[in-house]
Ligand code: SME
């Protein structure tokens with residue numbers, strides 16, 4: 001059973017219905033995520049910049065964070081290269097983990113795919129070890145898929 005209420009998937013779809021602005025949509029999605037889960041200290045997005053070949057910080061809730069992550073680096077960059085979600089029960093055991101907030105102990109990431117292309121990574125951190133279960137990851141993957149329907153790849157690449 002998930003510790004995260006699956007209603008957030010329907011909520012993000014309803015919230016973004018008819019909305020086109022990618023920054024507006026990612027901003028409210030980060031607020032919805034952050035306020036729908038307990039034991040979470042960061043929730044937000046890294047968006048892929050083709051110009052810089054970098055995952056650059058997007059809308060988020062939480063402490064100031066790393067601004068540029070290279071594909072292949074850290075949890076975020078690894079998820080981007082693999083194109084798959086990752087659940088990291090203990091970030092200190094993940095080779096290459098990038099510690100933006102020393103309080104983080106576990107993490108989950110979900111690629112955001114638009115038309116088969118990964119445009120960014122949804123990232124959630126927790127101060128609690130093994131905070132996210134496989135069932136939690138499923139809910140978050142569904143949330144990412146619902147959100148991605150409201151992301152315009154061309155609009156994102158004009159900004160990032
Ligand atoms: N821990 C991530 C970096 C991003 S912060 O968690 C917000 C990583 O290893 O990629």
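Numbering (the UniProt record's numbering), first residue to last: 1 to 160.
Built from N, CA and C at the ideal position, the CB exists for glycine as well.
Looking at the ligand MN, does it come within less than 7 Å of residue i, judged from the CB to the closest heavy atom?
i: residue 65; result: Ligands present in the displayed structure are limited to the ligand SME, and the ligand MN is not among them.
Is residue i near the ligand SME, going by C-beta to nearest heavy atom under 7 Å?
i: residue 107; result: yes
i: residue 104; result: yes
i: residue 150; result: no
i: residue 68; result: no
i: residue 130; result: no
i: residue 74; result: yes
i: residue 92; result: no
i: residue 8; result: no
i: residue 77; result: yes
Could you spell out where the beta strand (DSSP E) holding residue i opens and where it closes?
i: residue 95; result: From DSSP, residue 95 is part of no beta strand (DSSP E); its letter is neither H nor E.
i: residue 44; result: 42–49
i: residue 60; result: 54–62
For residue i, I'd like the list of residues in its chain whose CB is within less than 6 Å of its CB, leaving aside the five on either flank, ordered along the chain.
i: residue 114; result: 148, 151 and 153
i: residue 142; result: 9
i: residue 24; result: none
i: residue 144; result: 110, 112 and 122
i: residue 160; result: 47, 49 and 56
i: residue 129; result: 90, 105 and 106
Taking residue i and residue j to be in contact with their CB atoms under 8 Å, please state how far apart those CB atoms are, rounded to whole angstroms.
i: residue 48; j: residue 57; result: Actually they are not in contact, since the Cβ atoms of residue 48 and residue 57 sit about 12 Å apart, beyond 8 Å.
Closer than 8 Å by C-beta to residue i: which residues in its own chain qualify, once you throw out the five before and the five after it? Chain order, please.
i: residue 41; result: 62, 63, 101, 103, 104, 125, 126 and 127
i: residue 83; result: 111, 113 and 118
Cβ pair count under 8 Å reaching 3, the region 131–144 against the region 100–114
yes
Between the region 66–83 and the region 112–130, can you find at least three pairs of beta-carbon atoms closer than 8 Å?
yes
So, does the region 5–16 touch the region 32–44, judging by three or more C-beta pairs under 8 Å?
A contact exists between the region 5–16 and the region 32–44.
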